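For the sequence shown, position 28 matches number 31 in this note's numbering, and the numbering has no gaps at all.
C-beta atoms are modelled at their ideal positions from N, C-alpha and C, and glycine is treated no differently.
Note that this is a predicted model, so its numbers are computed, not measured.
See structure below.
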Amino acid sequence: MEFRIGQGYDVHRIAEGLTMVLCGVKIECGSGFIAHSDGDVAIHALCDALLGALALGDIGHLFPDTSEEFAGIDSRILLERVMKLVRGEGWELGNADITIALQAPKIAPYIKKMRESLASVMNVAAGQVSVKATTTEKLGFVGRKEGCEVWATVLVCRNQKD
Ligand code: MG
Numbered sequence: 004m005e006f007r008i009g010q011g012y013d014v015h016r017i018a019e020g021l022t023m024v025l026c027g028v029k030i031e032c033g034s035g036f037i038a039h040s041d042g043d044v045a046i047h048a049l050c051d052a053l054l055g056a057l058a059l060g061d062i063g064h065l066f067p068d069t070s071e072e073f074a075g076i077d078s079r080i081l082l083e084r085v086m087k088l089v090r091g092e093g094w095e096l097g098n099a100d101i102t103i104a105l106q107a108p109k110i111a112p113y114i115k116k117m118r119e120s121l122a123s124v125m126n127v128a129a130g131q132v133s134v135k136a137t138t139t140e141k142l143g144f145v146g147r148k149e150g151c152e153v154w155a156t157v158l159v160c161r162n163q164k165d
């Protein structure tokens, strides 16, 4: 079987009074991410990992933040489009592993929901999707609660039906 691996990284700045969305799940905390889209930094990193695995560019190229079409867009739509591209190229997701670095709020209670949300958007089993959370021990911009940093790694497999 043929495999490809991809990695993605994204950062968004945190501001008060916005709605925080991570992996398609709303986090109740009174702050959110500044962005052209809904600011789902985890989905953005995941999209870049998927695109990276197949050398298809990045989400900034595919969904430019200068386009009105993507203003405030639900990032799950972007992930759906990226998965369509991946499958269109004859590949299927093996697994995805995501690490979210956020000082506050604590997102551990949301992890299960996040995995299910991503699995549902990508139409794969929740067992193929890992979401992990960490703080940075109050170090750096994440530690100062100025932003959220996410890394995503994916493995994609050549679709056997092709
Ligand atoms: Mg982004």
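| Asked | Found |
| --- | --- |
| Taking only three categories from DSSP, how would you classify Val168? | Look at the range of the chain in this structure, 4 to 165, and you will see that residue 168 is not part of it. |
| Can you tell me where the alpha helix (DSSP H) holding Val127 begins and where it ends? | Premise fails: Val127 is in no alpha helix (DSSP H) and is neither H nor E. |
| Verify whether the separation of the beta carbon atoms of Gly42 and His64 is less than 9 Å. | no |
| Return the CA-CA distance between Leu49 and Tyr12, expressed in angstroms with no decimal places. | 8 Å |
| Which ranges does the alpha helix (DSSP H) cover as unbroken runs of at least 4 residues, wholly within the segment 74 to 156, from first to last along the chain? | 78 to 91, 114 to 125 and 143 to 146 |
| Apart from the five residues just before and just after Arg79, which ones in its own chain have a Cβ nearer than 6 Å to its Cβ? | Gly27 and Val124 |
| Among the residues of its own chain, which have a CB less than 6 Å from the CB of Lys135, if the five just before and after it don't count? | Thr102 |
| Three Cβ pairs or more, each shorter than 8 Å: is that satisfied between the segment 96 to 110 and the segment 147 to 156? | yes |
| Would a C-beta distance cut-off of 9 Å place Asn162 and Gly93 closer than the cut-off? | yes |
| By DSSP, does Ile62 sit in helix, in strand, or in coil? | helix |
| On the three-state DSSP scale, how would you describe His39? | coil |
| So the alpha helix (DSSP H) Asp68 belongs to, where does it begin and stop? | Unbroken run through Asp68: none, as it is neither H nor E. |
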